[in-house]
Each structure stands twice: as structure tokens, then as C-alpha cells.
Amino acid sequence: MIENDFPASLQWRPDPVALDASVAKAKEKLLQSIKRSVYVYRVDCGGCNGCEIEIFATITAAFDAERFGIKVVPSPRHADVLLYTGAMTRAMREPALRAYQAAPDPKIVISYGACGCTGGIFHDNYCVWGGTDPILPVDVYIPGCPPSPPATIYGFACALGLLDQKLHESRHVAPAGEQAPVAFPAIPYKVRTAFEREARRMSGYYYGKQIVDEFMMTLAKDKTDALAAADRLVERETDTRKKAVFMDLKALLLSKVVQE
Amino acid sequence: MLKLFKEIRKAGDATTGYPFEPLAMPAGFRGKPEHNEKLCIACGACAIACPANAITMDLNDDQSYVAWDISYGRCIFCGRCQEVCPLFAIELTTDFELAVLNKADLSESCAYEVARCAVCGKPYAAAKEVDYARRVLKSVGGPAAADVGKLDECLACRRREDARAFQAQARTEGGAR
Chain A
-15 MIENDFPASL QWRPDPVALD ASVAKAKEKL LQSIKRSVYV YRVDCGGCNG CEIEIFATIT
45 AAFDAERFGI KVVPSPRHAD VLLYTGAMTR AMREPALRAY QAAPDPKIVI SYGACGCTGG
105 IFHDNYCVWG GTDPILPVDV YIPGCPPSPP ATIYGFACAL GLLDQKLHES RHVAPAGEQA
165 PVAFPAIPYK VRTAFEREAR RMSGYYYGKQ IVDEFMMTLA KDKTDALAAA DRLVERETDT
225 RKKAVFMDLK ALLLSKVVQE
Chain B
1441 MLKLFKEIRK AGDATTGYPF EPLAMPAGFR GKPEHNEKLC IACGACAIAC PANAITMDLN
1501 DDQSYVAWDI SYGRCIFCGR CQEVCPLFAI ELTTDFELAV LNKADLSESC AYEVARCAVC
1561 GKPYAAAKEV DYARRVLKSV GGPAAADVGK LDECLACRRR EDARAFQAQA RTEGGAR
């Protein structure tokens, strides 16, 4: 839902579609075991098209969703499953509702992608009302940005009762007095910080961290001769870009060495 | 015709066996971020870095615990949390099987005890983080370790103390001219 400081009483709230009792019962049965092919109609409520690309990747030969009878159809009137992608935007609310009403009952509604599930990165946008669920009764959520084709197949398998969901809500409370260990206790903290900065300067954030972690892991493992361990690491590396960063880190290590 | 069949047989089967057999994802695939509750010090670096606000940190109602909370439904799997974490407490795994039937199952949380300021008594950080900072500062030594005693105070109290010390010093030395 919209998360802002504007008083809730003055905000317009979308009224969710309520399910008829008989339809809900039929839907329950459909979710448990669907004994026929499912036709999917996808509704883009304001996404970036990344999810659509992954849906089409799912129905290609490599992942072949059609072996389960899953078929993308061009009209909601043929559909058993409605696949809502993208955050629910103000402008697309009416078309999304129209597609929902056009599909014959009982129908399964799937929220696809991070935006479809909760609004994703656009959750606090001015024209976004969160995911699909503020407006429509959603049966399955497939998170991902975008969900990869196997994740899509898994989501459909969940929806059709082939597989069980793996993720469960967890509420953990850390015990009082728990201590977290300092990472790389053998390496002085300031040297470690210098390594991390240098690696990130050389190869960016995500990969910089991976490289520096590998480097420090190697140093920490060798208790006797850290410089020789660094040499071996440089020698072993086949990727020249990574090798350059390792060599740079080794030079930094040499500059930190003090003679006793 | 037979030649065509031979050709097809030679080409093999391009379709993956998933979901009937497990699928190995390539290294570097960014899947579900796995939180290690034991390593986490609840410093909140991941909550600040998270561009989609999937990770949030909030005090509970009676301000005794700070809860680290992730919503996999909002996560965009960018890996920023892994990258800013000082302790390997959150790492992206290759797990992609995240679909759920119930939205509540998309969230995961972990509550940590808060530390209260020795001067004003307000909660200012997780107790685990303060303990970690104390050990790190001691290991660093030098002028940084001299301030270890001040770790029990919140930022506002420390600033106030610094300002008072500066004021006292300015008065004794005749102030800035």
C-alpha cells in the first residue's frame, strides 16, 4: 500500500474485488488439482517489460512451459490464469479490472515479479498502489526482479499443486549476549579496510568485495607465509583483470609490511 | 525422413528437466538473500543500502528490540546488502524457488536487543553492534581505542559532551578571537 505521511483518512483506497462463495469454492478445487491445460493471459499493469521478456523466455524451447500445458493466450476470455506483472498503477487499474472480469470463473490470479507482489522498487511512487493484491484476490506470488524462467516454472508448479512452497515466514529473536565474530581476526582491521577500499576502487563494488574476500581468505588461511600465499594466488588466476587486482592488493600488502 | 530423425536425435534435447530434476544455477546467479542471524550485528547498513526498501529496521513498540526485516516480495536481488555487510551476515544464494501462496511467507525477520544510552537512556543501537564495535576498536588501538568508554552513549549525548568540552576549553583559553 501507499506509504507516506498523508493522513490515511484522506487517501483514496482501492476497494479489492471480493470473491463470491461459490466461486471461491470452485477456485479452491481448481488450485488443488487442475486436470487440464492452463491458458495464461498476462496483464502488464505498469511494469518495465523485464517480466514479459522472462515470460517469453519461459515458453521457449529451453524451458518449454507448454509441456505442462501452459499456453499464453491473447484474450482474457480464454484464460484460466491471469498473470499480473508490474506495480498496480493508477492508469492501469481499470484495464486490470476489466481483464479480471473478462476471464471466466474460476480463475487463478498470479502476481509476477517484485512489482507485482508488493510494488517492488516503485512501492512508494505517487501513482502506484502497491502490487496486484490491493485490488485483486491473488493466489500465488512469484517474486524476482524479474523472476528467472525456472522460478516462473516453479511458481506455476506451486499454483497447479505440483510442488509445495519452500519459503516460510520466520520470526527469529536473537538471544541476549550473543557475540558476532570479527571477520578475518588475523588481519589488522586497518589493513583490512585498506584492502577493501583498494579492491572496490579497482573493480567496483559487488565484484570488488568478492575479489578482496578471496584475497583475504587466502592470506588468513596461510599461517606461515602470507606473501607466498598471495604470490600463489596471483600465479593461479587466469582472468587477467582479476589478476591485476590481486597484484595491486599484493603491492598494498607489501607497503604495509614492517621489518622487525 | 529417416535422415531427419537421425538429425533430431543427434541434436539432442534442449529442454531442461526442471522441475522434475534439480536445476544447477550458474555461479554468480543472484537468488534469495540468505540472512545469518548469528553473524548479523544489526548495524543497518543493508537497510540503508537497499534501493527497494526490502530490508527495513524498526524498533518494536516497547523499544526493547530492533527488528531486522526482509520482504522477498520487494527484493530486486541487486546484491547491495551483501556488498555493504561488514560480516558476511547476508549473502545472495542461488536459490530461486521463492514462489508462495500466502503473502506473509515472503517476509522474514530477526529481532535484536537494543542498547540504551548511559546518559539519556534512549535506545541508540543494537547491543550486539555496540559489543562488536568495542572489540574492533580495542583491536585497532591508538587514539581510536581511547574513545571506547564513550560507546555507551548515543550520538546526541556525545555531541553535546564534545560541544561542552569545547566551550569550556574556549573559555579557559579566552575564546576565539
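Read top to bottom, the protein sequences are chains A and B.
Here the first sequence is numbered in this note's numbering, starting from -15 and rising by one per residue.
Here the second sequence is numbered in this note's numbering, starting from 1441 and rising by one per residue.
Cβ atoms here follow ideal geometry from the backbone N, Cα and C, with glycine treated the same way.
Because the structure is a prediction, the values reported are computed rather than measured.
Item: Identify, in the order they occur along the chain, each residue of the same chain with its Cβ nearer than 7 angstroms to the Cβ of E1593 (chain B), setting aside the five sequence neighbours on each side.; Value: C1557, A1558 and V1559
Item: Taking C-beta pairs closer than 7 angstroms, name the residues in chain E that I105 (chain A) reaches, listed in chain order.; Value: No chain E appears in the structure shown, which is made up of the protein chains A and B.
Item: With 16 other CB atoms within 10 Å as the buried threshold, where does I(-14) (chain A) fall?; Value: With a pLDDT of only 47 at I(-14) (chain A), under 50, the local geometry of the prediction cannot be trusted, and the value read off the model is given with reservation. That one is buried.
Item: Looking at the structure shown, is C99 (chain A) part of a helix, part of a strand, or coil, going by DSSP?; Value: helix
Item: Can you tell which of A:A63, A:K9 and A:A80 has its C-alpha closest to the C-alpha of R20 (chain A)?; Value: A:A63
Item: Please confirm whether C111 (chain A) has its beta-carbon closer than 8 angstroms to some beta-carbon of chain B.; Value: no
Item: Can you give me the C-alpha to C-alpha distance between G1452 (chain B) and A86 (chain A), rounded to a whole angstrom?; Value: 42 angstroms
Item: Can S95 (chain A) and I54 (chain A) be called in contact, C-beta distance under 8 angstroms?; Value: no
Item: Looking at the strands, I want to know which residues DSSP matches up with L1499 (chain B).; Value: B:V1506
Item: So if DSSP puts A1555 (chain B) in a beta bridge, which residue, or which two residues, is it bridged to?; Value: B:A1565
Item: Less than 6 angstroms between C-beta atoms, sequence neighbours within five positions excluded: which residues of the same chain meet that for E1548 (chain B)?; Value: I1510
Item: Which term fits V200 (chain A), buried or exposed, when burial requires 16 or more other beta carbons within 10 angstroms of its beta carbon?; Value: The amino acid at residue 200 (chain A) is misidentified as Val; the sequence shows Met. By the neighbour-count rule (16 or more Cβ atoms within 10 Å), M200 (chain A) is buried.
Item: Among A:C99, A:A228, A:R82 and A:V56, which one has its Cα closest to the Cα of E72 (chain A)?; Value: Before going on, a small fix: residue 72 (chain A) reads as Met here, not Glu. For the residues A:C99, A:A228, A:R82 and A:V56, the minimum Cα distance to M72 (chain A) belongs to A:C99.
Item: Is it buried or exposed, P1466 (chain B), if we count other Cβ atoms within 10 angstroms and call 16 or more buried?; Value: exposed
Item: Output yes or no for whether 8 angstroms exceeds the beta carbon distance between V122 (chain A) and V93 (chain A).; Value: yes
Item: Helix, strand or coil for E1474 (chain B) per DSSP?; Value: strand
Item: When the Cα atoms are used, what is the spatial distance from Y1564 (chain B) to C1597 (chain B)?; Value: 11 angstroms
Item: By the criterion of Cβ-Cβ separation under 9 angstroms, what are the contact partners of C1521 (chain B) in chain A?; Value: Those within 9 angstroms of C1521 (chain B) in chain A number zero; the least Cβ separation is about 11 angstroms.
Item: Excluding the 5 residues flanking V196 (chain A) on each side, which residues of the same chain have their C-beta closer than 6 angstroms to its C-beta?; Value: F179, E180 and A183
Item: Within 10 angstroms of its Cβ, does G1513 (chain B) collect 16 or more other Cβ (buried), or is it exposed?; Value: buried
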